[in-house]
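Novice:
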Amino acid sequence: MAASPSLPPAVTSLAPGDLESLLEGLGQPRFRARQVRESVFRRAAASFGEMTDLPQALRESLGRALRVHSSSVETVRRSKDGTVKLLVRLEDGRRVEAVIIPEGRRTTLCISTEVGCPVRCVFCASGLEGLVRPLAAHEIVEQVLHARALLAADGGKRNLTNLVLMGMGEPLLNYGPTAEALKALRDPAGIGLGARRITLSTVGIVEGMDRLAEEGHPINLAVSLHAPDDATRTRIVPLNARYGVAEVAAASRRYARKTGRDVTFEYVLLAGLNDTDAQAGLLADLAEGAHVNVNLIPFNRVEGLPYEPPAPERVEAFSAILRKRGVAVHVRRRRGDDIDAACGQLRLKAEKAGA
Ligand code: SAH
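In terms of my numbering, the sequence shown opens at residue 1 and continues consecutively.
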């Protein structure tokens, strides 16, 4: 998205060559561009003042000619379980969420790729109001930089080890910016996250899944299946009318084959809708022997929606059926309940409050 006329450009939004030209315009040698980019991307500097490898006068003139980021962290909420939620305010006043999830030695960040979501899965808070707008590549990347700066400010005891594109939005319907962001996130001279530490979650946009594999992004893929048959899936994921279960499962297998990475089927368990023994059996048929893991996610209640998570015994019975069939299955634990860390809920609250 273009910066509004009154605002200087953000370093994150400039191509390296454009940053060089801008610095040359300030009478600076070209290598300054590399220094600035290293500060921003490698060290997650949040201001020019922190770039102490630059002369004081230059830090001041950079502060007038540029911004470090286009977005800012509006609110930080910390859960008792260690989960930290960042409400990020974009340049146009829109908001997205990013969540830091510490788990043993891992620290995973969950980021958003769109404001709102056009897909409208029936149980999901992000799609309730449809798509507001897709994010630009630098707006996706900035969520990672904000999280790293926050972890550093917390004393640096934790570093981001994993990244999941599982926040608001459908990344494969915002393919160009998402792919560009992935390139920046993996750049060894910058943020330097390994492909194996990145997971993209999609509702199953088949062309996007194929393109991702072909364009050499060997990241992990999670596919939101949510039902093993078309009748049920169409009730839950309206887009199933376009990309049906068989087609999505076939694209998942192609992805695993092409990239050598396992694919995960995400399956949000909704009481009485998709949680029967028969459905577990059908899901096992799809996952068995196909380099596919299953991630069962008991539904996280959303205010105003009628769905409920199944009782714990039902979740256990469902997963036991998969396990017996030799499918690798994982039941996702709830995190950050006390801070609305689930799926678009904090942003919705902020917007409703008219903040
Ligand atoms: N659009 C992508 C990524 C964003 S959603 C996708 O559909 O995969 C990330 C995951 O969170 C999806 O599996 C989604 O179905 C799940 N999710 C959304 N709302 C949820 C809720 N209230 N409870 C549990 N899981 C939810």
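Don't be surprised by glycine CBs; every beta carbon is placed ideally from N, CA and C.
Determine the contact status of Gln143 and Ala98, defining contact as a CB-CB distance below 8 angstroms.
Specialist: Taking 8 angstroms as the Cβ cut-off, Gln143 and Ala98 qualify as a contacting pair.
Novice: With H, G and I counted as helix, E and B as strand and the rest as coil, what does DSSP make of Ala355?
Specialist: Only weak support exists for where Ala355 lies, its pLDDT of 38 falling under 50; the value from the coordinates is given anyway. It is coil, neither helix nor strand.
Novice: In whole angstroms, what separates the C-alpha of Arg34 from that of Pro134?
Specialist: 29 angstroms
Novice: Which term fits His330, buried or exposed, when burial requires 16 or more other beta carbons within 10 angstroms of its beta carbon?
Specialist: exposed
Novice: Is Met209 near ligand 1, going by C-beta to nearest heavy atom under 7 angstroms?
Specialist: Every heavy atom of ligand 1 is 7 angstroms or more from the Cβ of Met209, so no.
Novice: Indicate, with yes or no, if ligand 2 has a heavy atom lying under 7 angstroms from the CB of Thr202.
Specialist: Because ligand 2 does not appear in the structure shown, any question about it cannot be addressed here, the ligands present being ligand 1.
Novice: May I have the straight-line CA-CA distance separating Asn295 from Tyr175, to the nearest angstrom?
Specialist: Rounded to the nearest whole angstrom, the C-alpha separation of Asn295 and Tyr175 is 24 angstroms.
Novice: Going by DSSP, name the residue or residues bridged to Asn295.
Specialist: Beta-bridge pairing links Asn295 to Glu266 and His330.
Novice: To the nearest whole angstrom, what separates the beta carbons of Asp262 and Val237, a pair I think is in contact under 8 angstroms?
Specialist: About 22 angstroms; that fails the 8 angstroms criterion.
Novice: Taking the continuous alpha helix (DSSP H) assigned at Ala222, which residues delimit it?
Specialist: That residue, Ala222, is in no alpha helix (DSSP H); its beta strand (DSSP E) goes Asn220 to Ser224.
Novice: Drop a sphere of 10 angstroms on the beta-carbon of Ala10, count the other beta-carbons inside from all chains shown, and report buried for 16 or more, exposed for fewer.
Specialist: buried
Novice: Which ranges would you report for the alpha helix (DSSP H) in the segment 40-106 if only whole runs of at least 4 residues count?
Specialist: 56-65
Novice: When burial is assigned at 16 or more other CB atoms within 10 Å of the CB, is Asp275 buried or exposed?
Specialist: With 16 or more other Cβ atoms within 10 Å, it is buried.
Novice: Can you give me the start and stop residues for the beta strand (DSSP E) that Arg197 sits inside?
Specialist: Neither: Arg197 is in no beta strand (DSSP E) and is coded neither H nor E.
Novice: How should Ser6 be labelled, buried or exposed, when 16 other C-beta atoms within 10 angstroms of its C-beta is the threshold for buried?
Specialist: exposed
Novice: Which word fits Ser13, buried or exposed, when buried means at least 16 other C-beta atoms lie within 10 angstroms of its C-beta?
Specialist: Ser13 comes out buried.
Novice: Measuring from the CB of Asn300, is there a heavy atom of ligand 1 at a distance below 7 angstroms?
Specialist: Set against 7 angstroms, the gap from the CB of Asn300 to the closest heavy atom of ligand 1 is smaller.
Novice: Okay, do the segment 200-218 and the segment 90-106 touch, 3+ Cβ pairs below 8 angstroms being the bar?
Specialist: Pairwise C-beta distances place the segment 200-218 out of contact with the segment 90-106, as fewer than three of them are shorter than 8 angstroms.
Novice: Where in the segment 142-228 do unbroken runs of the alpha helix (DSSP H), each at least 4 residues long, occur, reported from the N-terminal end onward?
Specialist: DSSP assignment within the segment 142-228 yields the following whole alpha helix (DSSP H) runs of 4 residues or more, N-terminal first: 175-186 and 206-214.
Novice: Roughly how many whole angstroms lie between the Cα atoms of Thr52 and Thr199?
Specialist: Cα-Cα distance, rounded: 34 angstroms.
Novice: Check this for me: beta carbons of Asn162 and Thr113, under 8 angstroms apart or not?
Specialist: no
Novice: Please indicate yes or no: does the CB of Ile111 lie closer than 7 angstroms to some heavy atom of ligand 1?
Specialist: no
Novice: Glu316 lies in the beta strand (DSSP E); which residues open and close that run?
Specialist: Here Glu316 belongs to no beta strand (DSSP E); instead the alpha helix (DSSP H) covers Pro312 to Lys324.
Novice: Look at the Cβ atom of Phe158, then the Cβ atom of Leu150, and state whether they are nearer than 8 angstroms.
Specialist: The sequence given here places Arg at residue 158; Phe does not occur at that position. Between Arg158 and Leu150, the CB-CB gap reaches or exceeds 8 angstroms.
Novice: So for Thr434, helix, strand or coil by DSSP?
Specialist: Because the chain spans 1 through 355 in this model, residue 434 falls outside it and cannot be assessed.
Novice: What is the rounded straight-line gap between the Cα of Ala241 and the Cα of Ser61?
Specialist: 55 angstroms
Novice: In whole angstroms, what separates the C-alpha of Phe265 from that of Glu24?
Specialist: 50 angstroms
Novice: Starting from Val36 and walking both ways along the alpha helix (DSSP H), at which residues does that stretch end?
Specialist: Val36: member of the alpha helix (DSSP H) spanning Phe31 to Arg37, first to last residue.
Novice: My output table needs one value for Gly336: the three-state DSSP class, helix, strand or coil.
Specialist: coil
Novice: Spatial neighbours of Glu288 within its chain, please: C-beta separation below 8 angstroms, excluding the five flanking residues on both sides.
Specialist: Excluding sequence neighbours, Glu288 sits near Arg325, Gly326 and Val327.
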